[in-house]
Amino acid sequence: MFKNSIPSRGEDRNSGGADSGVSGGFPWYIAKSTAASGLQPAACLDFPEKSPSKIDPDTGEVLELQGSKHDLASSRLDRFAFQSAVRRILPKSRTAKCLRARQAHKSEVDVYRHLEHASTCFGGLQTCGSVWVCPVCAAKISERRSGELQRVIAAHQSTGGAVLFLTLTVPHTRRDDLPELLHAQSVALSRWTGDRAAKRVSSDMGSIGSVRAWEVTHGRLSDKNNGWHPHFHILIFCSSGLDLGAFEDRIYTAWVNSCRLAGLPMPSRRHGVRLEDGSRAADYAAKGLWGLEREMTKGHIKRAKQGESPFQLLRAFAFDDDRQAAALFREFAQAFHGRRQLYWSPGLKKRFALDDLTDSEISAVIEDSAELLGSIGLDQWRVILRLDLRGEILELARHGWDPVRRLLESIPSTVIEAKP
């Protein structure tokens, strides 16, 4: 019904072909910088033994992960490596220029450090604000949204309310065309939200609002490759003490009818609708804190069983030169471009006094308490881009400007003088 042209699992995933459009994978950035300049930036990074175990509330940045003291630093470095991989897959996208191109009238690139948390960021550079395809912006946006969700859930539950976790999905196959499938799902969702039966369910639940997320995985590595699997997760803020089984049955009936009207296959009772309690909702809200980092650093653990997320596909291309993964990531990026990942029902943010910042605004935030450590000239910035050292610069800047200065001074003059 929704036919696609991506090579199937049995075909050569690294053969490139017309669909991939990518000439070569992206090498490990440390190896690249070492070969190009003789430097070993990762080896000279002096990480502290412990960091604050929390999120920066202003920028949404994760400040600590469980495990080794190097885990968080490695994750931040990986983000820039993956962003460079996006640049190879989508060379004309805004993400290709994100945190690379300078803002208008800026002659230098500034480096800032948060006075309390020692988190660092660049200033004077363009940002894309894409939660779908940019690993750097997505991490910042995801953590900010996660913090918002967790605060709203806590506030609602403190008044005796409940937050339920609803998943809506439809049957899918490897032959489905992703844009067509997304369009049909959008129609089904619109039918469902406007359905009288669904509205009665919402009223009977005592719902005051909801937050909806659109997610997608791909099952190419599973035993039964069903292709793209877009689905909705919905947090419902409602009354407590509800009979989840009875409400799940009513929601399923309305969802099946909406899918039928949208021309989609009939969802099964087992997989089409799932309504879960508050603990699942809380876990999902916290996913912003852990989910993106895990996808980037430990993506191989669960991808075969549960499907690969887009960032896991990106990882496969960046580190394994997987051309099929690159083609799939491009298809995903084009299909989801311009769509909203997170949707709050009207009035819900205002009810809980949340600032209504856009993804682009969040990605560009430099908090007022950040100090300017130093600035990087245009010639040096070109070298940093050529050697892909943006992540290393920010890691060094956590310990002051002197380590950054020493790294810049250690780059041979022949590298600086070379044309990009």
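The opening position of the sequence shown corresponds to residue 922 in the working numbering, with each subsequent residue numbered one higher.
Beta carbons: idealized from backbone N, C-alpha and C, even for Gly.
On a predicted model such as this, the values are computed, not experimentally measured, just so you know.
Excluding the 5 residues flanking residue i on each side, which residues of the same chain have their C-beta closer than 8 Å to its C-beta?
{"i": "A1017", "result": "V1007, R1008, L1011"}
{"i": "Q1106", "result": "V1091, P1151, F1153, A1183, L1185"}
{"i": "W1322", "result": "V1032, L1294, G1295"}
{"i": "A1206", "result": "S1067, L1070, Q1071, I1074, L1156"}
{"i": "L1103", "result": "P1151, A1256, F1257, R1260"}
{"i": "A1118", "result": "R1171, T1174, A1175, N1178"}
{"i": "E1169", "result": "V1194, R1195, L1196"}
Output needed for residue i: all residues of its chain with C-beta closer than 6 Å, excluding positions within five of it in sequence on either side, in chain order.
{"i": "Y1264", "result": "R1133"}
{"i": "R1251", "result": "I1010"}
{"i": "V1108", "result": "A1183"}
{"i": "F1273", "result": "V1073, A1076"}
{"i": "L1275", "result": "E1069"}
{"i": "Q1301", "result": "L1329"}
{"i": "D1277", "result": "K1270"}
{"i": "S1281", "result": "G1050"}
Let me make sure I understand the geometry here. Which of the options has the alpha-carbon closest to that of residue i?
{"i": "G1193", "options": "R1171, G1199, Y1205", "result": "R1171"}
{"i": "G1082", "options": "R1260, A1059, S995, G1162", "result": "G1162"}
{"i": "E1064", "options": "S1160, I1332, V1052", "result": "V1052"}
{"i": "Y1173", "options": "D1116, A1202, D1204, S1143", "result": "D1116"}
{"i": "A1256", "options": "S1331, R1072, V1054", "result": "V1054"}
{"i": "T1114", "options": "E1282, W1176, P1100, Q1078", "result": "W1176"}
{"i": "N1146", "options": "P1333, R1095, H1077, S1200", "result": "R1095"}
{"i": "H1038", "options": "I1332, R1319, P1333", "result": "R1319"}
{"i": "D1198", "options": "G1140, A1119, L1087", "result": "L1087"}
{"i": "F1043", "options": "F1168, I1332, D1243, S1284", "result": "S1284"}
{"i": "S1342", "options": "L1165, S1230, L1089", "result": "Summary: the structure shown does not reach residue 1342, with the chain confined to residues 922 through 1341, and so no result is reported for it."}
{"i": "R1023", "options": "L1308, K1061, R1303, A1246", "result": "R1303"}
{"i": "A1246", "options": "W1149, R1190, L1165, T1279", "result": "W1149"}
{"i": "L1165", "options": "R1190, R1141, L1196, D1280", "result": "L1196"}
{"i": "W1060", "options": "R1201, R1015, S996, L1089", "result": "According to the sequence provided, residue 1060 is Ala. The question's Trp does not apply to it. Of the listed residues, the one whose Cα sits closest to A1060 is S996."}
{"i": "T1080", "options": "G1140, K1013, G1228, I1129", "result": "I1129"}
{"i": "M1187", "options": "D1098, S1111, H1093, K1120", "result": "H1093"}
{"i": "A1167", "options": "S1111, M1126, K1013", "result": "M1126"}
{"i": "R1190", "options": "L1089, S1014, R1015, L1299", "result": "L1089"}
{"i": "R1141", "options": "K1013, Q1262, D1097, Q1078", "result": "D1097"}
Indicate the three-state DSSP secondary structure (helix, strand or coil) for residue i in the structure shown.
{"i": "F1273", "result": "coil"}
{"i": "V1032", "result": "strand"}
{"i": "I1287", "result": "coil"}
{"i": "L1011", "result": "coil"}
{"i": "R997", "result": "helix"}
{"i": "K975", "result": "Because the pLDDT at K975 is just 45, under 50, the model does not fix this residue reliably, and the value given afterwards should be weighed accordingly. In this structure, K975 counts as coil in the three-state DSSP scheme."}
{"i": "L1110", "result": "helix"}
{"i": "H1093", "result": "coil"}
{"i": "L1210", "result": "Unreliable positioning characterises L1210 in this predicted model, as indicated by a pLDDT of 41, which lies under 50. A coordinate reading is not provided."}
{"i": "G1130", "result": "strand"}
{"i": "A1083", "result": "strand"}
{"i": "V1137", "result": "strand"}
{"i": "E1037", "result": "coil"}
{"i": "L1103", "result": "helix"}
{"i": "S1124", "result": "helix"}
{"i": "G1050", "result": "coil"}
{"i": "G1115", "result": "helix"}
For the alpha helix (DSSP H) containing residue i, name the first residue and the last one.
{"i": "S1063", "result": "1056-1079"}
{"i": "V1325", "result": "1322-1331"}
{"i": "T1244", "result": "The identity of residue 1244 in the sequence shown is Arg, whereas the question assumes Thr. Where R1244 is concerned, the enclosing alpha helix (DSSP H) stretches over 1244-1257."}
{"i": "R1021", "result": "Looking at the DSSP string, R1021 is not in any alpha helix (DSSP H), and its letter there is neither H nor E."}
{"i": "E1197", "result": "Taken as a continuous stretch (DSSP letters only), E1197 belongs to no alpha helix (DSSP H), being part of the beta strand (DSSP E) at 1194-1197."}
{"i": "W1176", "result": "1165-1182"}
{"i": "L1317", "result": "1311-1318"}
Enumerate in chain order the residues of its own chain whose CB-to-CB distance from residue i is below 7 Å, with the five nearest sequence positions on each side excluded.
{"i": "R1311", "result": "F1001, L1020, I1305"}
{"i": "E1330", "result": "none"}
{"i": "K1027", "result": "G1045"}
{"i": "T1041", "result": "V1032, Y1033, R1034, L1315, A1318, R1319"}
{"i": "T1203", "result": "The question names Thr, but residue 1203 is Ala in the sequence shown. The residues are I1074."}
{"i": "I1062", "result": "G981, V1052, D1280, I1283, S1284"}
{"i": "R1201", "result": "F1086"}
How close, in whole Å, do the beta carbons of residue i and residue j come, if the pair is a contact with beta carbons under 8 Å?
{"i": "F1003", "j": "A1239", "result": "5 Å"}
{"i": "C1159", "j": "L1085", "result": "6 Å"}
{"i": "V1057", "j": "V1325", "result": "About 19 Å; that fails the 8 Å criterion."}
{"i": "S1124", "j": "S1266", "result": "Not really, about 14 Å apart at Cβ, beyond 8 Å."}
{"i": "E1101", "j": "I1297", "result": "Contact flag wrong, Cβ pair sits at about 46 Å."}
{"i": "V1137", "j": "F1253", "result": "7 Å"}
{"i": "S1005", "j": "D1309", "result": "6 Å"}
{"i": "H1139", "j": "G1228", "result": "6 Å"}
From what residue to what residue does the beta strand (DSSP E) around residue i run?
{"i": "I1305", "result": "Per DSSP, I1305 belongs to no beta strand (DSSP E); it is in the alpha helix (DSSP H), 1299-1308."}
{"i": "I1155", "result": "1149-1159"}
{"i": "L1142", "result": "Careful: L1142 lies outside any beta strand (DSSP E) and carries neither H nor E."}
{"i": "G1044", "result": "1041-1044"}
{"i": "L1278", "result": "No beta strand (DSSP E) contains L1278, which DSSP labels as neither H nor E."}
{"i": "L1234", "result": "It is not in any beta strand (DSSP E) - L1234 instead sits in the alpha helix (DSSP H) that spans 1231-1241."}
{"i": "L1263", "result": "1263-1265"}
Could you tell me whether the Cβ of residue i comes closer than 8 Å to any Cβ of chain B?
{"i": "V1030", "result": "Looking at the structure shown, chain B is missing, and only one protein chain is on hand."}
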